[in-house]
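Residue 253 is where the sequence shown ends in this note's numbering, and the numbering goes up by one at each step. Okay, structure first, notes after.
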Amino acid sequence: MAAEMHRQYVRSMEASHARSAARPRELQELDARLDRLRERLRAGDPDMKPDEIRGAIERAEQKRQELADYSPNTG
């Protein structure tokens, strides 16, 4: 039983490490998306109204903040 608990702990730690390693990439992707959304807001977009773009920006900023708060690699 102890050996199985140890294996489960190791798997859990490996999964946690994998999620942590993915966070910087996710943050970079969100930053790039935010840049694109801000440019669309500045330049105008035929498919989205400004308030829709602002809403998308707010959601992306919130997600970015959540990831940054959780990430041990960010200040």
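C-beta atoms are modelled at their ideal positions from N, C-alpha and C, and glycine is treated no differently.
{"Item": "C-alpha gap between Met-226 and Glu-204, whole angstroms", "Value": "24 Å"}
{"Item": "The segment 206 to 213 touching the segment 185 to 194, judged by at least three CB pairs closer than 8 Å", "Value": "no"}
{"Item": "Residues near Leu-215 by beta carbon distance below 8 Å, same chain, minus five either side", "Value": "Ile-231, Ala-234, Ile-235 and Ala-238"}
{"Item": "Cβ-based neighbour list, Leu-245, same chain, cut-off 8 Å, excluding 5 preceding and 5 following", "Value": "Arg-201, Glu-204, Leu-205 and Leu-208"}
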